[in-house]
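Here is the structure we will look at.
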Amino acid sequence: MRFGRLLRFVAQRSRSMAWIMVSVGMLSGFLSAGVLALINHVLHHPSDHSLLFVLGFVGLVAGKIIASVVSQILLVRFAQDTILDLSLSLCAKIVRAPLRRSEERGPANILVTLTDDVSWVTWSIQCFPSFLMNLALVLGCGIFLAWLSWSVFLGVAGVAIISLLGHQWLHTSTRRIIEAAREARAELFQRFRALTDGLKELMMNQARRNEFINQEVRGAAEYYRETNLKERRIRALLGVWTQVSFYFLIGYLIFLFPSFETNSPEALTGYIVAVLYVMGPISSVLDIAPTLERGQVALENIERLGISLDGDLNNLQATNIVDQNPGIPPIVQWNDVEFSYPKSDGAETPFKLGPISFELSPGELVFVIGGNGSGKSTLVKVLAGLYQPSRGDIKLGGTIITDDNREWYREHFSIIFSDFYLFKKLLGHSDTQVEKLMSHYLQLLHLDQKVTVSDRTFSTLDLSQGQRKRLALVSAYLEDRSIYVFDEWAADQDPQYKEVFYKTLLPDLRSRGKTVIVITHDDRYFHLGNQVIKLEDGKVVEHVRTDGGKIRSHG
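Position in the sequence shown counted from 1, then plus 692, gives you our numbering.
Structure below.
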């Protein structure tokens, strides 16, 4: 049982709280052991009922109660604060973590992290003082038993060690099952997401619907059930093993204790009372251990997302971005940039982008074209700083982009991805900015009769895909960044809105000195741009300047 990472996490959250948890828990346990020692003494010395012993008993019990109450009051607040801080911190750190790491884990795993893993971490923290308290009580009783008789204590310790070895042997497989149950839950979440995203398709085809429910969902749900059943069975075996160990211990005391001639009947009574007294705390320690193990696994799962929980969770603010909107939009330069996806199971060779070199100047309109799988979307993510190049340099205004300034670099881009997400609220914009420009852009894109904006919030997002893209374009315009990227924006637009996009909106951005990159198949508008870059299998096979400059072909 390894709980060091969990305790270290608590210490990072609040070193004083960690000390309180350990100190109060141990104090409460030792006070309980003191109560046992006092009771045993009074039972064997009935005439020794002095006021001092009465006050000692009251003091020990009162100390135990106060320690427990203080521990619980502080712990409830601390646990709830941890849920809040950990949830906010995870959200903040997920958006700062490498995008590829999050993509590899998948949305379902991230959702399980934000729900189950956070819950298990906080529940483990709540259980930790009780674990320490009962552990201290067991240790205190061990000291008391050794004081009664060293020879018998060694025998009891031998039985206890054998019991713990058996318990640990059973417990070892629990960790693997906990991890499997967590992965099974992520698989189930993935099926639920497929249910909501593909609801219309499922409703339109009975065979597809039946196979999805009876095989896909049922398979994931049954796997999740089986992993949980395995864990429950092992925990049940652990409980039975604990009870059997106690019976062996009682049998040892009853049948073998008399063979130790140096021990008195009073010592035997003390041993039996102590063992019965400590049965509950030992069971509690062994019951809490799997919960702490789950918390440990949850912390490790969080860190698998590339999220470090070291440091201050309350520091949720991003690094200060300086020179976010320079007066003159800077030039973007790519020098032999390459990016490779990691090799996946079943794939002979991973997809590779590049090497690619180009230069994007302020006021330029650049078209990027290519078939499906040519690398256009990958190029956009590398260009935006979401993917880190495996080779080559990216420069912005002559500054080489590294991990230290990548967030600053991203702040120069406004992007509408092909799989964009539209937030209902215009986040990151001032009320004055929205009021000043929103009505103009809504009218220009013929959305003023569909959507209104109040308190920076759209009245509805229940729109067609083309209308949602136009609404996303409005949000992008409000950002007023130096570089704009539109990934297949015009694909879902009617001809009239394509005309507005290519012949009104894009020239307007260029006239304001913006660099504009458009991923598109609309070749009849290429004459409006400055460059056309054609991709094929991750390589630039054609690079044309359409404004009278030199023509370069790669292949």
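Each residue gets a CB set at the ideal place from its N, CA and C atoms; glycine is no exception.
Bear in mind that the values here come from a model prediction, so they are computed numbers and not experimental data.
Every beta strand (DSSP E) stretch that sits fully inside the stretch 1137-1221 and reaches 3 residues is listed by chain position as 1175-1179 and 1207-1211. Rounded to whole angstroms, the gap between the alpha carbons of V1024 and V1074 is 12 Å.
As the crow flies, the alpha-carbon of G1158 is around 58 Å from that of I712.
In the DSSP assignment, P799 falls within the unbroken alpha helix (DSSP H) covering L791 to V804. M825 counts as buried, since at least 16 other C-beta atoms from the protein chains shown sit within 10 angstroms of its C-beta. For the 9 Å CB-CB criterion, L1118 and V1145 form a contact.
DSSP places G1230 outside any beta strand (DSSP E), giving it a letter other than H or E.
Spatial neighbours of T864 in its own chain (CB-CB distance under 7 Å, excluding positions within 5 residues in sequence) are not present. Sequence-distant partners of I775 (beyond 5 residues in either direction) whose C-beta falls short of 6 Å from its own C-beta, in its chain, are T814. Between Y944 and V848, the alpha-carbon positions lie close to 8 Å from each other. Note that the C-beta distance between R705 and F770 is below 9 Å.
Residues of the same chain with a CB within less than 7 Å of the CB of L803, apart from the 5 flanking positions on each side, are F881 in chain order.
Comparing C-alpha distances from T919 to each of T961, K892 and E875 shows the shortest one belongs to E875. For D773, the uninterrupted alpha helix (DSSP H) run begins and ends at L743 to I786, by DSSP. In this chain, the alpha helix (DSSP H) harbouring I854 covers W842 to D889. DSSP lists T1149 as the beta-bridge partner residues of K1117.
When the alpha-carbon of S1066 is set against those of Q988, V750, E796 and G1230, the nearest one is in G1230.
By the Cβ neighbour-count rule, L930 is buried, with 16 or more other Cβ atoms within 10 Å of its own.
Of all C-beta pairs linking the stretch 1201-1220 to the stretch 1172-1183, three or more are shorter than 8 Å, placing the two stretches in contact. Within the DSSP bridge table, the entry for I1086 names W1026 as partners. Around the C-beta of P1081, 16 or more other C-beta atoms lie within 10 Å, and the residue is accordingly described as buried. The stretch 818-832 and the stretch 721-732 touch, with no fewer than 3 CB-CB distances between them shorter than 8 Å. Assigned with DSSP and collapsed to three states, F722 falls in helix. Taking the CA atoms as reference points, D1184 sits about 50 Å from R697. By the criterion of a C-beta distance shorter than 7 Å, A1182 is surrounded in its chain by K1190, F1193, T1212 and D1214, once the five residues flanking it on both sides are discounted.
Taking the CA atoms as reference points, L766 sits about 39 Å from T1149. The residue from L806, V1232 and I869 with its alpha-carbon nearest to that of V1029 is V1232.
It is roughly 8 Å from the alpha-carbon of L846 to the alpha-carbon of A838. By the beta-carbon neighbour count (other beta carbons within 10 angstroms, threshold 16), M718 is buried. The DSSP-derived three-state label of I926 is helix.
In the DSSP assignment, L1075 falls within the unbroken alpha helix (DSSP H) covering K1068 to L1075. In the structure shown, T919 falls within a helical segment according to DSSP collapsed to helix, strand and coil. Setting aside the 5 residues that flank it on each side, E893 is surrounded in the same chain by R900, each with a C-beta closer than 8 Å to its C-beta; the list follows chain order.
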